[in-house]
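Each residue of the sequence shown is one higher than the one before, starting from 7 at the first, in the numbering used here.
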Amino acid sequence: MSKLLVKADKGLGRVAHVTPKSAGWTYVGFDLHRLKPGESVSGKTEDREVCLVFVTGKGKASAGGKDLGLLGERMSPFEGKPWSVYVPEGSDWSVTADTGLELAVCSAPGLGGGLPVR
Numbered sequence: 007m008s009k010l011l012v013k014a015d016k017g018l019g020r021v022a023h024v025t026p027k028s029a030g031w032t033y034v035g036f037d038l039h040r041l042k043p044g045e046s047v048s049g050k051t052e053d054r055e056v057c058l059v060f061v062t063g064k065g066k067a068s069a070g071g072k073d074l075g076l077l078g079e080r081m082s083p084f085e086g087k088p089w090s091v092y093v094p095e096g097s098d099w100s101v102t103a104d105t106g107l108e109l110a111v112c113s114a115p116g117l118g119g120g121l122p123v124r
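Laid out in structure tokens, this is it:
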């Protein structure tokens, strides 16, 4: 049986970490990061593809060697749709908070399609 309720830790940094193994799932992984302005988080997708979701706040993002500029605009999860970035497998990514930022990092196995960062 999968563990469907995961409570985020209080504070800053990586406050939630769910792997397919820890949840009893086959594919999906999830991390939640809370950053102060100026703080950064980065990763490498390896054999997984990632969707970076700007839950709240704004940040400067880069992925797959592309500078994506300042992304995000909502300061509450109730202010419309979030911004997101697709990062294919085998790519590096990084986000630096411009404001307080909650960033969800959702992952799944890559299918080898070679899709670009977008």
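Where is the CB? At the ideal position from N, CA and C, for every residue including glycine. Treat the numbers as computed from the prediction; the structure is a model and nothing was measured.
8 Å contact criterion, which residue i and residue j should meet: CB distance rounded
{"i": "Gly-44", "j": "Ala-103", "result": "7 Å"}
{"i": "Val-101", "j": "Val-47", "result": "6 Å"}
{"i": "Ala-110", "j": "Val-34", "result": "Not quite, the Cβ-Cβ distance comes to about 12 Å (not below 8 Å), so this is no contact."}
{"i": "Gly-17", "j": "Gly-63", "result": "With a Cβ gap of about 16 Å, Gly-17 and Gly-63 do not count as contacting."}
Residue i, buried or exposed, once every other Cβ within 10 Å from all chains shown has been counted against 16
{"i": "Ser-82", "result": "exposed"}
{"i": "Glu-95", "result": "buried"}
{"i": "Met-7", "result": "Residue placement at Met-7 cannot be trusted, given a pLDDT of 49 that sits under 50; what the coordinates show is reported in the next sentence. The residue in question, Met-7, is exposed, as its Cβ has fewer than 16 Cβ neighbours within 10 Å."}
{"i": "Lys-27", "result": "exposed"}
Identity of the residue in the options nearest residue i by Cα
{"i": "Arg-124", "options": "Lys-64, Val-59 and Gly-63", "result": "Val-59"}
{"i": "Ala-69", "options": "Val-56, Thr-25, Leu-38 and Gly-119", "result": "Val-56"}
{"i": "Gly-71", "options": "Arg-20, Asp-98, Val-21 and Leu-41", "result": "Asp-98"}
{"i": "Phe-36", "options": "Phe-84, Glu-108, Gly-63 and Lys-64", "result": "Glu-108"}
Practice task
May I have a chain-ordered list of the beta strand (DSSP E) segments no shorter than 3 residues that lie completely inside the segment 69-102?
Solution key: Listed in chain order, the complete beta strand (DSSP E) runs (minimum 3 residues) inside the segment 69-102 are 72-77 and 89-93.
Problem - Sequence ranges, beta strand (DSSP E) only - wholly within the segment 10-61, length at least 3 - result: 19-24, 35-41 and 46-50
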